[in-house]
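S.K.: My structure is below; once you've seen it, I'll send some questions.
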Amino acid sequence: LKVSLGYFTDTNDLESLHALLNRHPVKLLVENDQTLHGGRIEPMQRFFTEVERLGLPVKMTFDIGNWQWQDQSALTAARLLGRHVDYLHCKAVARRADGKLVALPPGATDLHLWEQLLKHMTQGITRAVEFPLQGDDLIEVTAQQVTTLARLGQPHVENAHV
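Structure (structure tokens):
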């Protein structure tokens, strides 16, 4: 079950959540969204500090692109929150001429950044495509993007050049 953080405050009753999760075991993931409340590092950090303190079985869905809606650094977020991440939403983001942010397939620069992010997360973490897949052969485009995401964070073998 994936939810956004919402309006988390220090007065929220996480003990009740703990009891509920003990009675009804479900994999609960909290995702950083695009809002002021759930799309900034500080509230997510406060929440996961409490989750750790109480021993709650709650993990994070880390949406790489969503940090940009609140001008937050995905790399800083990964460094501070990476140990809580169980699921990775992968999308590049660009600002259109009208100022609106939109999700895009990753370029080489994005993939390099994503490699850096993964260093702060569990090896082999599950990744998801969160950007539009477009092309004449959608099966091929999808296979190519899935392969690209699967290779992220994996050791690379370089051929010797003679």
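Here the sequence shown is numbered in my numbering, starting from 53 and rising by one per residue. Ideal Cβ placement from N, Cα and C applies to all residues, glycine included.
#1: Where does leucine 80 sit, in a helix, a strand or coil, going by DSSP?
#2: CA-CA distance, leucine 69 and isoleucine 116?
#3: Note down the Cα distance separating alanine 27 from valine 181, rounded to an integer number of angstroms.
#4: Taking DSSP's pairing of strands, which residues face arginine 148 in a bridge?
#5: If you measure from the CB of glutamine 97, is any heavy atom of the ligand HEM nearer than 6 Å?
#6: What would DSSP say about serine 125, mapped onto helix, strand or coil?
#7: Cα separation between glutamate 67 and glutamine 186?
#8: Any idea what DSSP makes of threonine 200, helix, strand or coil?
#9: Of all the alpha helix (DSSP H) runs that stay within the bounds of the stretch 81-114, which reach a length of 4 or more residues?
#10: What does the alpha-carbon distance come out to for the pair tryptophan 166 and leucine 204?
#11: Bridge partners for alanine 155 per DSSP, in chain order?
#12: Report the CB separation of methionine 173 from alanine 126 in whole angstroms; it is logged as a contact under 8 Å.
#13: Among Leu57, Ile191 and Leu169, which one has its Cα closest to the Cα of glutamate 94?
#14: Return the first residue and the last residue of the beta strand (DSSP E) that arginine 75 is part of.
#15: Taking Cβ positions, are leucine 201 and phenylalanine 183 nearer each other than 7 Å?
#16: Are the CB atoms of leucine 81 and threonine 113 nearer to each other than 7 Å?
M.R.: By the coordinates alone:
#1: As a working mapping, residue 80 is identified with position 28 in the sequence shown. In the displayed model, leucine 80 falls within a strand according to three-state DSSP.
#2: In the sequence shown, the residue the question calls residue 69 occupies position 17. In the sequence shown, the residue the question calls residue 116 occupies position 64. In a straight line, the C-alpha of leucine 69 is about 26 Å away from that of isoleucine 116.
#3: No answer is possible for residue 27: it lies beyond the span of the chain, which begins at 53 and ends at 214.
#4: As a working note, residue 148 is residue 96 in the sequence shown. Answer is none; arginine 148 lacks a bridge partner.
#5: This structure does not include the ligand HEM; it has no bound ligands of any sort.
#6: As a first step, residue 125 must be located in the sequence shown, where it is residue number 73. DSSP places serine 125 in coil when its eight states are reduced to three.
#7: Counted from its first residue, the sequence shown places residue 67 at position 15. Counted from its first residue, the sequence shown places residue 186 at position 134. Taking the CA atoms as reference points, glutamate 67 sits about 45 Å from glutamine 186.
#8: Position 148 of the sequence shown, counted from the start, is the residue given in the question as residue 200. Threonine 200 falls in the helix class under three-state DSSP.
#9: Runs of the alpha helix (DSSP H) spanning 4 or more residues and lying entirely within the stretch 81-114 occur at 93-106, in chain order.
#10: Translated into the one-based positions of the sequence shown, residue 166 becomes position 114. Translated into the one-based positions of the sequence shown, residue 204 becomes position 152. Straight across, the Cα-Cα distance linking tryptophan 166 with leucine 204 is about 7 Å.
#11: Your numbering for residue 155 matches position 103 in the sequence shown. Looking at the DSSP assignment, alanine 155 forms a beta bridge with Val145.
#12: Walking along the sequence shown from the start, residue 173 turns up at place 121. Walking along the sequence shown from the start, residue 126 turns up at place 74. Going by Cβ atoms, the distance from methionine 173 to alanine 126 rounds to 12 Å, so no, they are not a contact pair.
#13: As a first step, residue 94 must be located in the sequence shown, where it is residue number 42. Comparing Cα-Cα distances from glutamate 94 to each of Leu57, Ile191 and Leu169, the minimum goes to Leu57.
#14: Here residue 75 corresponds to residue number 23 of the sequence shown, with the count starting at 1. Run containing arginine 75: none in the beta strand (DSSP E); it sits in the alpha helix (DSSP H), 66-75.
#15: As a working note, residue 201 is residue 149 in the sequence shown. As a working note, residue 183 is residue 131 in the sequence shown. Contact check for leucine 201 against phenylalanine 183 fails: the beta carbons are separated by 7 Å or more.
#16: Position 29 of the sequence shown, counted from the first residue, corresponds to residue 81. Position 61 of the sequence shown, counted from the first residue, corresponds to residue 113. Yes.
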